[in-house]
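This report refers to the structure that appears directly beneath it.
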Amino acid sequence: MSVSPPTDPLLVPTTDTAGYVDIDDDTPADEAAERTRAWVLEHVPAAWRDAAPGGAAAIRAVRSRADYEAWYPVFGASGLVAPTWPRPYGGLGVSGSVARAIEAELRPYNLGRLNPLGLNLAAPALFAHGTEEQRLRFLPRIVRAEELWCQLFSEPGAGSDLASLATRAERDGDEWVVTGQKVWTTWAHLSHFGVLLARTTPDEPKRRGITYFLVDLHQPGVEVRPLRHITGDIDFNEVFLDATRVPDAYRVGEVGQGWKVANATLSGERQMVSGSGSGGVDRIGGSGATRLVTAARDRSVRGLPGGWDDPVVRQQIVRLYSEERIRGWTNDRIRAGLKAGRAPGPESSVGKVHQGGLNQRIQLLATDLLGPDAMAWEAGPLEAPTAVDAYCESLPYVIEGMLRSRANTIEGGTTEVNRNIIGERVLGLPREPDPWQDAPWRDVPRS
Ligand SMILES: Cc1cc2nc3c(=O)[nH]c(=O)nc-3n(C[C@H](O)[C@H](O)[C@H](O)COP(=O)(O)OP(=O)(O)OC[C@H]3O[C@@H](n4cnc5c(N)ncnc54)[C@H](O)[C@@H]3O)c2cc1C
Numbered sequence: 087m088s089v090s091p092p093t094d095p096l097l098v099p100t101t102d103t104a105g106y107v108d109i110d111d112d113t114p115a116d117e118a119a120e121r122t123r124a125w126v127l128e129h130v131p132a133a134w135r136d137a138a139p140g141g142a143a144a145i146r147a148v149r150s151r152a153d154y155e156a157w158y159p160v161f162g163a164s165g166l167v168a169p170t171w172p173r174p175y176g177g178l179g180v181s182g183s184v185a186r187a188i189e190a191e192l193r194p195y196n197l198g199r200l201n202p203l204g205l206n207l208a209a210p211a212l213f214a215h216g217t218e219e220q221r222l223r224f225l226p227r228i229v230r231a232e233e234l235w236c237q238l239f240s241e242p243g244a245g246s247d248l249a250s251l252a253t254r255a256e257r258d259g260d261e262w263v264v265t266g267q268k269v270w271t272t273w274a275h276l277s278h279f280g281v282l283l284a285r286t287t288p289d290e291p292k293r294r295g296i297t298y299f300l301v302d303l304h305q306p307g308v309e310v311r312p313l314r315h316i317t318g319d320i321d322f323n324e325v326f327l328d329a330t331r332v333p334d335a336y337r338v339g340e341v342g343q344g345w346k347v348a349n350a351t352l353s354g355e356r357q358m359v360s361g362s363g364s365g366g367v368d369r370i371g372g373s374g375a376t377r378l379v380t381a382a383r384d385r386s387v388r389g390l391p392g393g394w395d396d397p398v399v400r401q402q403i404v405r406l407y408s409e410e411r412i413r414g415w416t417n418d419r420i421r422a423g424l425k426a427g428r429a430p431g432p433e434s435s436v437g438k439v440h441q442g443g444l445n446q447r448i449q450l451l452a453t454d455l456l457g458p459d460a461m462a463w464e465a466g467p468l469e470a471p472t473a474v475d476a477y478c479e480s481l482p483y484v485i486e487g488m489l490r491s492r493a494n495t496i497e498g499g500t501t502e503v504n505r506n507i508i509g510e511r512v513l514g515l516p517r518e519p520d521p522w523q524d525a526p527w528r529d530v531p532r533s
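Position 167 of the sequence shown, counted from 1, bears residue number 253 in my numbering, the numbering being contiguous throughout.
Here it is in structure tokens:
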């Protein structure tokens with residue numbers, strides 16, 4: 087992948103609104119819902135619409151990932167992907183209540199957002215700290231998934247203690263020259279751009295010498311090496327930056343203020359992984375492979391022990407069900423705060439800590455319900471199960487979910503570190519001692 091970086095850093099914005107649904111900030115909620123229904127009828131393929139009453143699994147049976155990606159430009163151009171965003175940025179400029187009415191119409195069709203890291207990690211930083219030129223340049227292309235994004239924060243020696251990062255950026259005229267290594271970079275192998283933290287003033291204490299950049303990954307000086315995780319999939323990567331050029335126009339916020347900008351991204355990330363951005367998925371009742379009620383019933387129907395008839399299993403399911411409801415209410419509170427105009431804050435750490443552990447417990451019980459079958463399974467490409475009663479046939483899918491969930495308490499900041507945030511910023515406990523806090527970064531010992 088060696089494409090030259092753009093010569094005009096702030097490309098002409100995408101102004102084409104031809105595909106927009108006919109909804110704007112004057113449209114009342116009921117009217118917006120009706121126009122969304124009409125849009126669905128006109129633009130969502132009939133086979134997907136017909137499958138919708140059967141839920142996500144039934145839709146997946148008629149809609150492959152490739153189908154969805156090929157169709158996505160229609161959705162991306164409609165303004166419906168991020169309806170509350172202003173129109174020039176690719177949204178419809180509607181209020182939260184109208185957006186909720188729109189979302190309720192779209193939900194049955196399971197129209198997932200491509201480019202989640204662009205929408206949830208890059209965009210909050212651009213909204214909070216970007217220039218108008220940067221927003222116009224990047225946000226519409228994020229909405230349309232024309233440019234996919236990743237997050238270049240973690241390094242081999244800087245994960246939980248992210249502020250100790252060592253990737254350097256040095257000014258060279260209108261550009262910056264970046265050298266260093268990032269790691270665990272989800273979807274870097276698919277992305278066009280990354281949000282990057284780099285050290286610009288090593289003589290400052292660690293949090294003050296960092297600057298936030300937007301990096302074009304399709305250029306010489308960027309090498310992406312895939313890493314395989316426990317499920318066998320490739321999702322994340324090492325990224326080596328060797329004299330990578332970044333135009334100063336791609337700097338977000340002031341030089342040395344990157345830590346402040348990064349907090350917008352990190353809050354957005356915690357909300358995304360806690361499910362508070364979307365409201366989450368129901369994994370306990372209803373249909374589908376990891377839906378525990380279905381799985382337990384299925385076991386009993388087949389006359390196997392440890393199913394729905396077992397009081398301990400029922401108790402476990404009800405406990406997880408209660409926790410899932412609490413998680414949903416916590417997320418509702420976070421969303422309500424955001425809609426009321428409050429900046430994302432440490433409360434997203436509460437959701438993040440709870441969701442990480444809860445998903446692991448749900449996935450583990452789903453695997454337990456497979457009994458001895460869970461000990462060995464056929465390797466091969468994983469397909470989501472397609473029928474409600476296909477729990478046993480969906481064995482690799484359930485196990486993949488259980489294995490993948492081990493990362494839930496690490497990604498987006500570990501549970502331990504988020505507990506520190508809750509202790510300090512929510513409960514008002516004393517800060518964790520850091521003897522190097524005010525020392526110049528270059529003097530701080532690093533692993
Ligand atoms: C699936 C996945 C995807 C990821 N995607 C990305 C990505 O796209 N971009 C990106 O930049 N990063 C990404 N990460 C990296 C992730 O943010 C880090 O793994 C995480 O912040 C922890 O850092 P670390 O791995 O260096 O662990 P360390 O920081 O070395 O932590 C090791 C252990 O020590 C504990 N610990 C550390 N400090 C403290 C403390 N002060 N108090 C108590 N306990 C502590 C931790 O909780 C952990 O158990 C991803 C990680 C995973 C697992």
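Positions of the beta carbon are idealized from the N, C-alpha and C atoms, including for glycine.
If the five residues before and after K292 are omitted, its C-beta is found closer than 7 Å to the C-beta atoms of A249, S250, W527 and V530, all from its own chain and listed in chain order.
Residue state for P242 is assigned as coil, using DSSP reduced to three classes. In terms of Cβ geometry, V338 and L222 do not form a close pair [threshold 8 Å].
Secondary structure remark: continuous alpha helix (DSSP H) runs of at least 4 residues inside the stretch 275–306: none found. Listed as beta-bridge partners of T265 by DSSP are R254. Under the 10 Å beta carbon count, W171 is surrounded by 16 or more other beta carbons and is classified as buried.
Pairing T501 with V404 gives a Cβ-Cβ distance that is not under 8 Å.
Non-local C-beta neighbours of S435 in its own chain, meaning closer than 7 Å and more than five positions away in sequence, comprise R356, N504, I507 and I508, ordered along the chain. At least one heavy atom of ligand 1 lies less than 7 Å from the C-beta of I496. Secondary structure of W235 (DSSP, three-state): strand. Residue range A209 to H215 is occupied by the alpha helix (DSSP H) that includes P210, with no beta strand (DSSP E) assigned at that position.
With distances taken between CA atoms, D260 lies nearest to V332 out of I320, W345 and V332.
Taking 7 Å as the cut-off, one finds at least one heavy atom of ligand 1 near enough to the beta carbon of V503.
Judged by beta-carbon spacing, W270 lies beyond the 8 Å limit of C236, meaning their Cβ atoms are not closer than that value.
For E309, the enclosing beta strand (DSSP E) begins and ends at V308 to R314. Taking the C-beta atoms as reference points, L444 is found nearer than 8 Å to E409. When Cβ pairs closer than 8 Å are counted between the two stretches, the stretch 124–135 is seen to touch the stretch 149–165, the count reaching three or more. Residue side-chain check: D384 keeps its Cβ at 7 Å or more from all non-hydrogen atoms of ligand 1. Taking the C-beta atoms as reference points, A348 is found nearer than 8 Å to L283.
In chain order, N506 place their CB closer than 6 Å to the CB of E518, counting only its own chain and leaving out the 5 sequence neighbours on each side. Counting of Cβ neighbours within 10 angstroms places L127 among the exposed residues, the total staying below 16. Residue pairing from DSSP places Q343 in a beta bridge opposite I296.
Bridge pairing for F161: absent [DSSP]. DSSP, read as helix, strand or coil, puts I496 in coil.
DSSP places D328 in the strand class (E or B) of the three-state scheme. Ranked by Cα distance from S353, the options A104, N206 and L238 are led by N206. DSSP, reduced to helix, strand and coil, places V229 within a helical segment of the structure shown. Short of 6 Å from the beta carbon of T495, and not among the five residues preceding or following it, lie these beta carbons of its own chain, in chain order: G442 and T501. With contacts defined by Cβ atoms closer than 8 Å, T287 and G342 form a contacting pair.
As a beta-bridge residue in DSSP terms, I320 pairs with R314. Set against 7 Å, the gap from the CB of F239 to the closest heavy atom of ligand 1 is smaller. In the structure shown, P172 falls within a coil segment according to DSSP collapsed to helix, strand and coil. In the structure shown, V180 adopts coil according to DSSP, grouped into three states. Between H304 and H275, the C-beta gap is not smaller than 8 Å, which leaves the two residues out of contact.
Fewer than three Cβ pairs drawn from the stretch 177–186 and the stretch 308–323 lie within less than 8 Å of each other, which leaves the two stretches out of contact.
V404 carries a helical assignment under DSSP once its states are collapsed to helix, strand and coil.
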